[in-house]
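Following the UniProt record's numbering, the numbering of the sequence shown begins with 1 at its first residue and continues without gaps.
We treat Cβ as the ideally placed atom computed from N, Cα and C, and that holds for glycine.
Step one of this worksheet: look at the structure below.
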Amino acid sequence: MSERPGNALMPNLLTPMDLEPNWEWRDKLPAHGHMSVDFERRIDHDRLRRYRLARTEQALKASGAGTLLLFDVNNIRYVSATKIGEWERDKMCRFCLLTGDESPYVWDFGSAAQHHKRHSDWLEPSHCLAGVVGMRGTIPPEFGLMQKYAKQIAGLIRDAGMGDMPVGVDYAETAMFHALKEEGLNIVDGQQIMLSAREIKNWDEIQLLTQAAAMVDGVYHMIYEELKPGVRENDIVALSNKMLYEMGSDDVEAINAISGERCNPHPHNFTDRLIRPGDQAFFDILQSYQGYRTCYYRTFNVGRATPSQNDAYVKAREWIDASIAMIKPGVSTDKVAAVWPTAQELGFETEDQAFGLQFGHGLGLALHERPIISRAVSMDHPMEIKTGMVFALETYCPATDGYSAARIEEEVVVTETGCEVISLFPAEELPIANRY
Numbered sequence: 001m002s003e004r005p006g007n008a009l010m011p012n013l014l015t016p017m018d019l020e021p022n023w024e025w026r027d028k029l030p031a032h033g034h035m036s037v038d039f040e041r042r043i044d045h046d047r048l049r050r051y052r053l054a055r056t057e058q059a060l061k062a063s064g065a066g067t068l069l070l071f072d073v074n075n076i077r078y079v080s081a082t083k084i085g086e087w088e089r090d091k092m093c094r095f096c097l098l099t100g101d102e103s104p105y106v107w108d109f110g111s112a113a114q115h116h117k118r119h120s121d122w123l124e125p126s127h128c129l130a131g132v133v134g135m136r137g138t139i140p141p142e143f144g145l146m147q148k149y150a151k152q153i154a155g156l157i158r159d160a161g162m163g164d165m166p167v168g169v170d171y172a173e174t175a176m177f178h179a180l181k182e183e184g185l186n187i188v189d190g191q192q193i194m195l196s197a198r199e200i201k202n203w204d205e206i207q208l209l210t211q212a213a214a215m216v217d218g219v220y221h222m223i224y225e226e227l228k229p230g231v232r233e234n235d236i237v238a239l240s241n242k243m244l245y246e247m248g249s250d251d252v253e254a255i256n257a258i259s260g261e262r263c264n265p266h267p268h269n270f271t272d273r274l275i276r277p278g279d280q281a282f283f284d285i286l287q288s289y290q291g292y293r294t295c296y297y298r299t300f301n302v303g304r305a306t307p308s309q310n311d312a313y314v315k316a317r318e319w320i321d322a323s324i325a326m327i328k329p330g331v332s333t334d335k336v337a338a339v340w341p342t343a344q345e346l347g348f349e350t351e352d353q354a355f356g357l358q359f360g361h362g363l364g365l366a367l368h369e370r371p372i373i374s375r376a377v378s379m380d381h382p383m384e385i386k387t388g389m390v391f392a393l394e395t396y397c398p399a400t401d402g403y404s405a406a407r408i409e410e411e412v413v414v415t416e417t418g419c420e421v422i423s424l425f426p427a428e429e430l431p432i433a434n435r436y
């Protein structure tokens with residue numbers, strides 16, 4: 001394989017040092033400015049790229065598979081550090097191959113491949129290829145593109161000496177799975193390999209996640225000021241989107257805005273409902289900065305709060321504080337889930353019905369990474385909490401009035417001795433917006 005100077009992402013040129021997370025646990029995690037400057041060491045993108053590829057190589061070798069074929073854009077970005085517009089997130093039009101000691105191959109959308117050759121100097125130029133398969137079936141399989149690329153992929157795998165080893169595929173269109181199998185490839189679950197690689201964040205990833213959370217801190221202060229009668233849920237969503245994109249967000253994935261009688265049961269959406277005096281209202285802001293995501297709930301009351309609404313908030317706060325107190329390396333997720341109320345205590349028949357209300361989930365390039373913490377799965381299938389994990393913990397408590405509810409979510413970074421909360425908009429007590 002031809003060598004390329006600089007920081008080319010070539011697995012055979014990676015060193016054990018590239019697996020070092022370079023954590024700097026000090027008094028407080030930094031939330032640097034977004035610009036590059038010469039007077040502070042901020043995000044080291046070369047180190048970030050090499051760490052992510054080294055983690056992937058490590059997970060691949062541990063899995064027994066010889067190759068990863070990736071269609072999930074989060075995995076493609078993690079391995080190759082390439083990204084095009086958010087419009088492609090659900091199109092299944094890009095793919096990436098990591099096999100043997102080869103540098104990653106990326107098949108991208110038309111001219112994007114030429115862009116990578118010019119601007120992504122960590123990639124082998126000959127590995128930046130134009131290609132497209134089914135685009136969620138809009139290009140029918142009988143057109144032959146899937147067979148064409150399956151044959152090309154199989155050839156590259158065999159040339160790398162990996163033809164007799166399993167191929168991990170994260171997800172693909174059904175017809176693409178068939179095309180790969182017709183080429184004699186043994187397909188296994190590659191998503192689990194990738195999630196294993198992505199679960200431990202290095203220092204640069206943690207800084208990006210902290211910067212993303214800091215952006216949401218500011219949005220919640222804006223919401224606190226704007227939340228008043230006459231404003232609609234969708235107005236808050238619009239203002240939040242505007243502010244986030246102005247701060248540098250690359251994707252506002254969703255904003256939940258739920259108020260008044262819509263709070264219970266939780267609908268996970270927003271509408272054009274007008275905010276009214278005395279409403280309890282909660283919001284979730286899901287956005288990314290340089291790909292790294294937030295999931296960050298806050299609850300407010302408008303003008304005033306009833307004892308029932310206050311009681312719900314106090315319980316939600318107690319439950320989340322109890323779970324945060326459990327977080328440290330070596331603790332298993334069943335122990336964390338055990339401090340939360342059961343589904344029956346919340347008025348549901350089964351844990352499946354209450355799934356996501358008392359919840360923990362990893363954050364990174366995707367909204368949901370490892371670990372997942374829930375009574376629905378963690379009690380029988382616990383996972384170990386490890387240093388360098390970053391995840392969100394969220395609780396929900398319905399009020400006794402039958403329609404209000406409180407929802408709180410905190411993002412935490414697992415340190416060597418415990419955890420640090422990086423979602424900092426005040427939530428110790430129920431905030432009253434525009435108090436009467």
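Handout entry: Helix, strand or coil at T67 according to DSSP, with G and I counted as helix
Key = Looking at T67 - three-state DSSP - the assignment turns out to be strand.
Exercise for the section: Report yes if the C-beta distance between T400 and D279 is below 9 Å; otherwise report no. Expected result: No, the pair does not count as a contact, with Cβ atoms beyond the cut-off.
Exercise for the section: Name the residue from C295, L129 and D189 whose alpha carbon lies nearest to the alpha carbon of D217. Expected result: For the residues C295, L129 and D189, the minimum Cα distance to D217 belongs to C295.
Practice task
Could you tell me the distance, in whole angstroms, from the CA atom of N202 to the CA atom of L48?
Solution key: One Cα belongs to N202, the other to L48, and the distance between them is close to 7 Å.
Handout entry: DSSP three-state assignment for Q353, whether helix, strand or coil
Key = Coil, per DSSP.
Practice task
Express the C-alpha separation of V336 and A322 in angstroms, rounding to a whole number.
Solution key: Their backbone Cα atoms lie some 8 Å apart in a straight line.
Exercise for the section: Go ahead and pull the three-state DSSP assignment for H361. Expected result: Residue state, collapsed to three classes: strand.
Problem - Under 9 Å between C-beta atoms of D46 and W122 - result: Taking 9 Å as the Cβ cut-off, D46 and W122 qualify as a contacting pair.
Practice task
Specify the secondary structure class of D251 as computed by DSSP and reduced to three states.
Solution key: Strand.
Exercise for the section: Report yes or no: do the segment 288 to 305 and the segment 226 to 244 share at least 3 C-beta pairs separated by less than 8 Å? Expected result: Yes, since at least three Cβ pairs between the segment 288 to 305 and the segment 226 to 244 fall closer than 8 Å, the two stretches touch.
Exercise for the section: Could you tell me the distance, in whole angstroms, from the CA atom of Q358 to the CA atom of I408? Expected result: Whole-angstrom Cα-Cα distance: 10 Å.
Practice task
Just tell me which of L363, G248, D90 and V421 has its CA closest to the CA of Y171.
Solution key: Selected option, being the one with the closest Cα: D90.
Handout entry: Spatial distance of A254 from S240 (CA atoms)
Key = Answer to the nearest angstrom: the Cα atoms are 10 Å apart.
Practice task
Have a look at E428, E416 and V421 and flag the residue whose alpha-carbon is nearest the alpha-carbon of I200.
Solution key: Measuring from the Cα of I200, the nearest candidate turns out to be E416.
Handout entry: Alpha-carbon spacing of P140 relative to T174, whole angstroms
Key = The alpha-carbon atoms of P140 and T174 are separated by roughly 12 Å.
Practice task
Can you tell me which of the three DSSP states M1 falls into?
Solution key: Residue confidence for M1 is low, a pLDDT of 37 falling below 50, so the modelled location carries little weight; the figure read from the coordinates is stated next. Here M1 sits in coil by DSSP.
Exercise for the section: Provide the residue(s) that pair with D189 in DSSP beta bridges, ordered along the chain. Expected result: Paired residues: V169.
Problem - First through last residue of the beta strand (DSSP E) which encompasses T299 - result: For T299, the enclosing beta strand (DSSP E) stretches over residues Y296 to V302.
Problem - Sufficient close CB pairs (3 or more, under 8 Å) joining the segment 176 to 188 to the segment 258 to 266 - result: A contact is defined here as three or more CB-CB pairs under 8 Å, and the segment 176 to 188 fails this definition with respect to the segment 258 to 266.
Problem - Closest Cα partner of A365 within the set D27, T82, I157 and H34 - result: Checking the displayed sequence, the identity of residue 365 turns out to be Leu instead of Ala. The shortest Cα separation from L365 among D27, T82, I157 and H34 belongs to T82.
Exercise for the section: Inspect the beta-carbon positions of L208 and I43 and report whether they are closer than 9 Å. Expected result: Taking 9 Å as the Cβ cut-off, L208 and I43 qualify as a contacting pair.
Handout entry: H116 classed as buried or exposed, judged by whether at least 16 other C-beta atoms fall within 10 angstroms
Key = By the C-beta density criterion, H116 is buried, having at least 16 other C-beta atoms within 10 angstroms.
Exercise for the section: Return the residue from the list R26, L98 and D380 that minimises the CA-CA distance to A65. Expected result: When only C-alpha atoms are compared, the closest one is L98.
Practice task
Compare the Cα-Cα distances from E183 to each of A197, V167, L9 and V219 and report the closest residue.
Solution key: Of A197, V167, L9 and V219, the residue nearest in Cα terms is V167.
Exercise for the section: Go through its chain and collect everything with a Cβ distance to Y105's Cβ below 7 Å, but skip five positions before and after it. Expected result: For Y105, the CB contacts under 7 Å within the same chain, skipping 5 residues up- and downstream, are C96, L97, H127, L129 and L156 in chain order.
Practice task
Return the chain-ordered ranges of every beta strand (DSSP E) run that is complete within the segment 26 to 106 and spans a minimum of 3 residues.
Solution key: The qualifying runs are 67 to 70 and 95 to 99.
Handout entry: Helix, strand or coil at F109 according to DSSP, with G and I counted as helix
Key = Residue state for F109 is assigned as coil, using DSSP reduced to three classes.
Practice task
Express the C-alpha separation of N186 and R198 in angstroms, rounding to a whole number.
Solution key: Cα-Cα distance, rounded: 24 Å.
Handout entry: Expected contact under 8 Å - CB spacing of T333 and S378 to nearest Å
Key = Contact flag correct, Cβ pair sits at about 4 Å.
Handout entry: Best match in E142, V132, E428 and G356 for proximity to I153 [C-alpha to C-alpha]
Key = For I153, the nearest C-alpha among the options comes from V132.
Handout entry: Integer-rounded CB distance, given that A54 should sit under 8 Å from L29
Key = Contact between L29 and A54 is absent: CB atoms are separated by about 23 Å, not below the 8 Å threshold.
Exercise for the section: Please say whether N264 and G402 have beta carbons closer to each other than 9 Å? Expected result: Going by C-beta atoms, G402 is nearer than 9 Å to N264.
Practice task
In angstroms with no decimal places, state the Cα-to-Cα distance between S2 and L13.
Solution key: Confidence at S2 is low in this model, with a pLDDT of 40, below 50, so its placement is unreliable and no value can be given for it.
Practice task
Compare the Cα-Cα distances from G190 to each of E428, E57, W25 and K386 and report the closest residue.
Solution key: Taking only the C-alpha atoms, the option nearest G190 is E57.
Exercise for the section: Determine the DSSP secondary structure at I422, reduced to helix, strand or coil. Expected result: Three-state result, I422: coil.
Practice task
For E369, count neighbouring C-beta atoms within 10 Å of its own C-beta (all shown protein chains included) and say buried if the count is 16 or more, exposed if not.
Solution key: Here E369 is buried, its C-beta having at least 16 other C-beta atoms within 10 Å.
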